[in-house]
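*Asks:* Per the working numbering: the sequence shown = residues 12 to 59. After the structure tokens below, expect a handful of questions from me.
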Amino acid sequence: MKPRKEFGRKKGCLRCGRKRGIVRRYGIHLCRQCFREVAYELGFRKYS
12 MKPRKEFGRK KGCLRCGRKR GIVRRYGIHL CRQCFREVAY ELGFRKYS
């Protein structure tokens with residue numbers, strides 16, 4: 012048998028390793044929970 016191709020999520024969050032809810036925009040690769048913790052340090056601001 013041929014080996015199966017791997018699809019889906021390989022990399023998780025760079026901080027905690029979580030596989031779900033990854034923010035990949037701008038090459039951030041953080042889960043949404045970690046993104047909320049460090050967003051201000053990365054230069055993101057809440058306007059509303």
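C-beta atoms are modelled at their ideal positions from N, C-alpha and C, and glycine is treated no differently. From a predicted model like this one, the values you see are computed outputs, not experimental measurements.
(1) Which parts of the stretch 19-52 are runs of the beta strand (DSSP E), unbroken and 3 residues or longer, counting only runs that do not cross its ends?
(2) Do you know offhand how far Arg31's Cα is from Leu41's?
(3) Using a Cβ-Cβ cut-off of 7 Å (strictly less than) and excluding sequence neighbours within five positions of Lys22, which residues of its own chain qualify?
(4) Given a cut-off of 9 Å on the beta-carbon distance, is the pair Arg29 and Gln44 in contact?
(5) Between Arg26 and the rest of its own chain, which residues show a CB-CB distance below 7 Å, the 5 nearest in sequence each way excluded?
*Replies:* If we stick to the structure as given:
(1) none
(2) 10 Å
(3) His40
(4) yes
(5) Leu41, Cys45
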